[in-house]
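> If you read the protein sequences in the order shown, they are chains H and Z. Here the first sequence is numbered in the numbering used here, starting from 81 and rising by one per residue. Here the second sequence is numbered in the numbering used here, starting from 48 and rising by one per residue.
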Amino acid sequence: MASPTEEMDAESLSTAPREESSQGAVALPRLSTWEMLRWAWRQLTSMRVALVLLFMLSLAAIPGTLLPQRSANTDPTLVTAWIDRHTTVGPLLDRLQFFTVYKSVWFTSIYLLLFISLIGCIVPRSWQHAKTLRKPPPAAPRNLARMPVTYQWNDSSGVAVDAKLVAAETALKKKRFRVVRGIDADGGGWVSGEKGYLREVGNLVFHLSLVGILVGFAVKGFYGYQGKILITEGQSFQNVSLKYDDQELGGGVNSDKLPPFSLKLNTFEARYETNKDSKDLGQPRGFTANVTYSAAHSDQKKQKAVKLNDPLSVDGVNLYLVSHGYAPVITVRDGTGKVVYSSPVKFFEAGGMFKSTGMLRLFDGIKDKDGNKTSLGIQGVFLPTFAGMSATQGPISAFPAAWNPELVLNVYTGDLGAQNSVYRFDTTKARQAVLDPKNNRKAVALDLEQDKTVQLPDGMGSISFDDVKQYAQFDINHDPSKTLVFVSAVGIVGGLILSLGIRRRRVFVRVKPAGDEAVRVQVAGLARAEDARLRDEVKGVGRGLRPAKVGAQK
Amino acid sequence: MINESLAKFSNWAIYIAMFVYLGAFFAYTVEWVFGRKSSFVVKAAAVAVPAQAEALVGAPGADRISVPDDLSELDDLPDLEEPDPVIDGGDMRAITAGGFAVGLTMLGFGLHVIGVLCRGLAAHRVPWGNLYEFTIAGSAVAMAIYIGLLFRKNARWLGVFVTGFVVAILGLAVEVLYKDAEQLVPALHSPWLVVHVAAAVLCSGAFTVATLSTILYLFKSRYETQAKLGVASPTSMWKRVPSAMKLDLVAYRILAFSFPIWTFTVIAGSIWAERAWGRYWGWDPTETWAFITWVVYAAYLHARATRGWKGRNASIVALIGYFCFIFNYFVVSIFVNGLHSYAGVK
Ligand code: HEM
């Protein structure tokens with residue numbers, strides 16, 4: 081029989097590792113390498129270090145929320161602009177990886193340490209708990225009066241010790257305790273019950289699920305990929321990484337072997353608030369991209385209306401509608417009337433009511449007045465509902481839907497310089513064409529319904545505005561970690577609820593003969609940490625064991 | 048379409064609720080002031096303080112009850128729970144003021160709830176679509192928790208702090224965060240919005256009440272130390288809040304209850320992000336601060352489970368957690384650019 085005199089404080093109910101107060105940190109005697117390693121491991125897997133690491137993780141996450149970050153979802157020019165504005169700290173922070181915080185060496189080290197600590201702390205505990213799960217609860221301590229909650233009384237109804245113990249055992253079992261019973265040498269006996277094992281199970285599930293999330297992140301980083309595509313109405317897309325406008329492939333992804341599904345954007349619809357009295361006039365109310373797609377190596381064509389919050393899933397790849405824009409169809413003819421270019425040109429939202437900017441550069445097919453080849457650059461704004469010119473903002477748009485579409489263009493020839501962004505090219509070395517010689521104006525507005533064509537000077541040709549199409553931007557994402565992460569997330573919530581909601585407690589009953597047909601009954605309880613209901617539990621057990629007394633009810 | 052008259056009605060209800068709470072706040076204060084002057088309290092305090100202080104010293108065995116032999120009536124055992132602190136001190140005026148305070152709290156709460164509901168009905172959606180709505184709903188939850196504690200645990204001592212805080216936060220909501228009832232931008236059309244933000248609203252109320260209790264704990268435990276040294280003022284207001292141990296326990300219970308809900312909030316948010324943006328986690332500023340809040344509260348729970356960190360240190364960690372939470376809602380979502388098109392204050 082286990083020694084009932086063993087130290088029984090509430091802590092012993094916990095499977096938590098004991099803090100070796102501050103001993104670990106005091107003067108280190110000379111240690112061998114092996115002992116040093118063991119000491120370091122013990123420190124790393126201690127609760128105190130876990131606490132410090134948790135704090136460091138949250139601190140380290142902060143800079144990434146305050147500084148612009150380089151990532152697939154954000155505009156990379158923000159980072160460059162920030163560095164340009166802060167000439168001293170900018171480059172320094174850049175070298176210290178402050179613009180890629182969540183991939184930086186220091187952030188990664190902290191969470192790797194945390195998770196090594198977690199594994200080192202949780203695996204031995206799971207092991208230990210698995211053993212306790214199979215063992216009966218320990219014997220009742222000899223001196224129940226030392227327990228945090230205890231009651232005792234003499235029962236002189238003539239009941240035998242054994243019968244009382246059996247009654248106690250049944251009562252505890254009914255309350256879902258795991259119970260053992262034992263006999264003492266002095267003719268007395270005890271019952272010891274324990275419940276709330278699920279608390280520890282929950283705690284372990286929770287911490288193991290955290291490890292699951294980390295593994296998920298690693299899988300995502302290595303085997304996942306993401307990209308961005310823009311498709312104009314009527315155009316198709318084939319899932320080949322070359323066709324992405326922007327991409328980020330994990331190290332384990334073979335870019336030649338993406339599943340080659342295909343996709344065609346049939347129409348794009350956007351709804352806006354049209355109530356003229358509403359402050360929200362022009363606010364988006366819904367977007368739908370109607371697509372036809374077919375999975376890789378399949379001829380079957382399927383339809384889907386992709387919306388925000390409602391992505392398209394094909395071949396394990398998800399396509400999310402994230403943004404949209406206008407692509408006016410522009411036709412450029414040379415001096416002889418031959419079509420040099422005729423296609424939708426994507427414009428990007430750059431102002432209120434979907435005022436958008438865009439550009440087109442042609443390096444072939446246009447000849448200047450001397451008959452020499454020249455390049456032609458068109459740069460300008462598109463206004464879905466043109467509402468005139470403002471002195472301060474230039475052309476303005478009154479509504480985001482294409483009710484009165486208008487293009488306002490500037491045209492350049494000669495050296496078109498480098499392309500600075502999707503919106504514009506460098507015009508410093510280019511020559512700007514006068515498009516409206518009568519008024520000597522360089523910018524002209526092209527209305528889709530009226531003057532659909534503007535003549536270029538010197539017989540270079542003409543530019544026409546033929547149609548308005550819309551394009552949709554999809555984010556493409558392949559993430560094989562989703563199932564694992566989801567299961568882990570469920571484990572986290574479930575484990576937490578068990579771990580914080582269930583109380584682990586022990587209840588002991590001792591019965592011993594007290595002369596004259598009487599027995600002395602002691603009931604006591606012991607709980608792990610805060611437990612408001614321990615007293616009720618012990619009271620309940622005690623009440624069940626007392627002989628029913630006449631007139632005792634109140 | 049927005050029902051404008053209902054939206055206006057909601058605004059009035061919130062406005063009046065704020066003033067009713069202000070009245071309750073004053074009534075609670077009057078109760079404290081008159082109660083303090085009562086000679087009864089001074090006498091009671093003279094007895095209670097050493098007892099409370101002793102309970103603290105003898106902490107390990109403090110809740111041990113040993114019953115003499117032959118006790119057959121377990122139900123008659125003296126209750127282990129410490130007696131509720133007396134605020135009104137038996138003073139008639141204080142008792143009247145206290146009655147008013149509770150009445151006004153209930154009235155204000157009724158109006159507050161009506162205000163939140165009408166806001167949702169006016170816009171035909173859940174009433175937590177922007178920061179203003181989030182704030183009025185979250186403060187209603189805080190108030191509901193207080194009222195629950197008031198009736199179940201007689202937590203009158205929290206009244207003056209909760210009403211004071213809620214008046215301030217409603218003032219902020221009405222004056223700074225206010226936004227007309229509107230339809231949601233398309234990115235917010237998702238059932239996950241409903242659960243994600245509903246859970247966040249619950250947590251905001253729970254974290255707030257836990258934080259008030261934590262702050263009281265810090266003051267009270269300083270007071271108890273002084274009392275043990277015999278340098279505490281005999282008429283100090285801290286006598287009329289529960290013992291530090293109990294305040295700490297109230298805060299812990301609320302936080303242990305809300306931590307899983309907050310965990311769920313973050314998870315529901317990342318499921319929503321997965322649906323809307325294609326990735327469940329992208330280190331967006333709002334996301335990151337929700338994570339930081341979560342980590343800090345996890346640190347709090349660890350600190351409480353670690354010997355030597357219990358008590359003061361742990362409660363400071365809890366306050367840092369609340370700071371992160373508030374920072375996220377009032378600073379990050381307004382001033383830091385991210386994907387979360389939520390605040391609507393810009
Ligand atoms: C991201 C990291 C972590 C989070 C979010 C986390 C969270 C939690 C939570 C919420 C609890 C429940 C507290 C309670 O029962 O009152 C807990 C308990 C516990 N954690 Fe962690 N934990 C993390 C890392 C760790 C690490 C690294 C260790 C190991 C050193 C650890 C060891 C423990 C232990 C031993 C308990 C049980 C404490 C007890 O039984 O009272 N945790 N953790």
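All residues carry an ideal CB built from backbone N, CA and C; glycine is no exception. Since this is a predicted model, take the numbers as computed values, not measurements.
Output the distance between the C-alpha atoms of residue 343(Z) and residue 353(Z), rounded to the nearest integer angstrom.
Reading the second sequence from its first residue, position 296 is the one you call residue 343(Z). Reading the second sequence from its first residue, position 306 is the one you call residue 353(Z). About 15 Å.
> Cβ of residue 563(H) less than 8 Å from any chain Z Cβ?
In the first sequence, counting from the first residue as 1, residue 563(H) sits at position 483. Judged by the 8 Å Cβ criterion, residue 563(H) is not in contact with chain Z.
> Taking 8 Å as the threshold (C-beta atoms), are residue 481(H) and residue 298(H) in contact?
Position 218 of the first sequence, counted from the first residue, corresponds to residue 298(H). Position 401 of the first sequence, counted from the first residue, corresponds to residue 481(H). Not in contact: residue 298(H) and residue 481(H) (Cβ atoms no closer than 8 Å).
> So residue 389(H) and residue 370(H) are supposed to be a Cβ contact under 8 Å. How far apart are they, rounded?
Within the first sequence, numbered from 1, the residue matching residue 389(H) stands at position 309. Within the first sequence, numbered from 1, the residue matching residue 370(H) stands at position 290. The Cβ separation is near 16 Å, so there is no contact.
> For a minimum of 3 consecutive residues, which ranges assigned as the beta strand (DSSP E) are wholly contained in the region 524 to 568 of chain H?
Segments of the beta strand (DSSP E) lying fully in the region 524 to 568 of chain H: 524 to 527, 533 to 535, 541 to 558.
> The alpha helix (DSSP H) with residue 47(Z) in it runs from where to where?
Because chain Z here runs from 48 to 393, residue 47(Z) falls outside it and cannot be looked at.
> DSSP on residue 106(Z), reduced to helix/strand/coil?
Counting from 1 along the second sequence, the entry for residue 106(Z) is found at position 59. Confidence is the limiting factor: at residue 106(Z) the pLDDT is only 34, short of 50, which leaves the residue's position unreliable, though a coordinate-based value still follows. Note: residue 106(Z) maps to helix in three-state DSSP.
> Assuming the contact rule is C-beta atoms closer than 8 Å, residue 694(H) and residue 560(H) should be a hit. Round their C-beta distance to whole Å, please.
Absent from the model: residue 694(H). The displayed extent of chain H is 81 to 634, so no value can be given.
> Per DSSP, what are the beta-bridge partners of residue 262(H) in this structure?
Counting from one through the first sequence, the residue named residue 262(H) turns up at place 182. Per DSSP, 270(H).
> What did DSSP end up calling residue 355(H) once you bin it into helix, strand or coil?
One-based indexing of the first sequence puts residue 355(H) at position 275. In the structure shown, residue 355(H) sits in coil (DSSP, three-state: anything other than H, G, I, E or B).
> Please report how far the alpha carbon of residue 519(H) lies from the alpha carbon of residue 493(H), in whole angstroms.
By 1-based counting over the first sequence, the position of residue 519(H) is 439. By 1-based counting over the first sequence, the position of residue 493(H) is 413. Distance between the alpha carbons of residue 519(H) and residue 493(H): 20 Å.
> Taking Cβ positions, are residue 486(H) and residue 463(H) nearer each other than 8 Å?
On the first sequence, residue 486(H) is found 406 positions in, with the first residue counted as 1. On the first sequence, residue 463(H) is found 383 positions in, with the first residue counted as 1. Cβ atoms of residue 486(H) and residue 463(H): closer than 8 Å.
> So is residue 252(Z) buried or exposed if we call it buried at 16+ other beta carbons inside 10 Å?
Taking the first residue of the second sequence as 1, we reach residue 252(Z) at position 205. The residue in question, residue 252(Z), is buried, as its Cβ has 16 or more Cβ neighbours within 10 Å.
> Using a Cβ-Cβ cut-off of less than 7 Å, give me the residues of the region 171 to 194 of chain H that come near chain Z, in sequence order.
182
> Do you know how far the Cα of residue 262(Z) is from the Cα of residue 72(Z)?
Position 25 of the second sequence, counted from the start, is the residue given in the question as residue 72(Z). Position 215 of the second sequence, counted from the start, is the residue given in the question as residue 262(Z). Going from the Cα of residue 72(Z) to the Cα of residue 262(Z) covers about 18 Å.
> For the alpha helix (DSSP H) containing residue 307(H), name the first residue and the last one.
Position 227 of the first sequence, counted from the first residue, corresponds to residue 307(H). Unbroken run through residue 307(H) is the beta strand (DSSP E), 305 to 312; no alpha helix (DSSP H).
> Rounded to whole angstroms, what's the CA-CA distance from residue 260(Z) to residue 145(Z)? Just pull it up for me.
In the second sequence, residue 260(Z) corresponds to position 213, counting from 1. In the second sequence, residue 145(Z) corresponds to position 98, counting from 1. Taking the straight line from one Cα to the other gives about 20 Å.
> Starting from residue 200(Z) and walking both ways along the alpha helix (DSSP H), at which residues does that stretch end?
Your numbering for residue 200(Z) matches position 153 in the second sequence. 178 to 200 is the span of the alpha helix (DSSP H), which, as asked, contains residue 200(Z).
> Helix, strand or coil for residue 317(H), going by three-state DSSP, please let me know.
Numbered from 1 along the first sequence, position 237 holds the residue referred to as residue 317(H). Residue 317(H) falls in the strand class under three-state DSSP.
> So what's residue 280(Z) in DSSP terms, helix, strand or just coil?
Reading the second sequence from its first residue, position 233 is the one you call residue 280(Z). In this structure, residue 280(Z) counts as coil in the three-state DSSP scheme.
> Please report the straight-line C-alpha distance between residue 101(Z) and residue 268(Z), rounded to a whole angstrom.
Stepping through the second sequence from its first residue, residue 101(Z) is reached at position 54. Stepping through the second sequence from its first residue, residue 268(Z) is reached at position 221. Note that residue 101(Z) scores a pLDDT of 38, beneath 50, so its modelled location is shaky; the value from the coordinates is reported in the next line. If I take the Cα positions, the gap works out to 13 Å.
> Report yes if the C-beta distance between residue 221(Z) and residue 75(Z) is below 8 Å; otherwise report no.
As a position in the second sequence, residue 221(Z) is number 174, starting the count at 1. As a position in the second sequence, residue 75(Z) is number 28, starting the count at 1. Not closer than 8 Å, so no.
> List the residues of chain H whose Cβ lies closer than 8 Å to the Cβ of residue 175(Z), in chain order.
Along the second sequence, one-based indexing puts residue 175(Z) at 128. Under a criterion of Cβ atoms nearer than 8 Å, no residue of chain H is adjacent to residue 175(Z); the nearest Cβ is some 17 Å distant.
> What residues from the region 472 to 493 of chain H come within 9 Å of chain Z, judged by C-beta to C-beta, listed N to C?
none
> Please go through the same chain and pick out, in chain order, the residues whose beta-carbon is closer than 7 Å to the beta-carbon of residue 204(Z), but skip the five residues on each side of it.
On the second sequence, residue 204(Z) is found 157 positions in, with the first residue counted as 1. If the five residues before and after residue 204(Z) are omitted, its C-beta is found closer than 7 Å to the C-beta atoms of 132, 134, 287, 288, 289, all from its own chain and listed in chain order.
> By the criterion of Cβ-Cβ separation under 9 Å, what are the contact partners of residue 134(H) in chain Z?
To locate residue 134(H), count along the first sequence from 1; it is residue 54. Ordered by position in chain Z, the residues that pass the 9 Å Cβ test against residue 134(H) are 342, 343, 345, 346, 349.
> Suppose the cutoff is 7 Å on Cβ atoms and the five residues either side in sequence are ignored; what does the same chain contact list for residue 285(Z) look like?
By one-based count along the second sequence, residue 285(Z) stands at place 238. Sequence-distant partners of residue 285(Z) (beyond 5 residues in either direction) whose C-beta falls short of 7 Å from its own C-beta, in its chain, are 266, 267, 270.
> If you draw a straight line from the C-alpha of residue 89(Z) to the C-alpha of residue 80(Z), how long is it?
One-based indexing of the second sequence puts residue 89(Z) at position 42. One-based indexing of the second sequence puts residue 80(Z) at position 33. Annotation note: pLDDT 44 at residue 89(Z) (below 50); position unreliable, coordinate value reported separately. Approximately 13 Å between the Cα atoms of the pair.
> Who are the Cβ neighbours of residue 340(H) in its own chain at under 7 Å, not counting the five residues just before and after it?
Numbered from 1 along the first sequence, position 260 holds the residue referred to as residue 340(H). If we look at residue 340(H) and ignore the five residues flanking it on each side, its Cβ neighbours are 318, 319, 320, 376.
> Let me check one thing: in DSSP terms, what residues is residue 143(H) bridge-paired to?
What you label residue 143(H) is simply residue 63 of the first sequence in a count that begins at 1. None, per the DSSP bridge assignment.
> So what does residue 364(H) bridge to, in DSSP terms?
Walking along the first sequence from the start, residue 364(H) turns up at place 284. 352(H), per the DSSP bridge assignment.
> Specify, as a first and last residue, the run of the beta strand (DSSP E) that residue 439(H) falls within.
Mapped onto the first sequence, residue 439(H) falls at position 359. Residues 436 to 447.
> So residue 389(H) contacts chain Z; which residues on that side make the cut at Cβ distance below 7 Å?
Taking the first sequence and counting its residues from 1, one reaches residue 389(H) at position 309. Going along chain Z in sequence order, the residues near residue 389(H) (Cβ under 7 Å) are 236, 237, 322, 323.
> Please state if the CB of residue 191(H) and the CB of residue 137(H) are separated by a distance shorter than 8 Å.
The residue given as residue 137(H) occupies position 57 in the first sequence. The residue given as residue 191(H) occupies position 111 in the first sequence. Yes. Within cutoff.
> Indicate whether at least one CB of chain Z lies closer than 8 Å to the CB of residue 518(H).
Taking the first sequence and counting its residues from 1, one reaches residue 518(H) at position 438. Closer than 8 Å: no.
> Do you know how far the Cα of residue 271(H) is from the Cα of residue 621(H)?
Residue numbering aside, residue 621(H) sits at position 541 when the first sequence is read from its first letter. Residue numbering aside, residue 271(H) sits at position 191 when the first sequence is read from its first letter. So the alpha carbons of these two residues sit roughly 12 Å apart.
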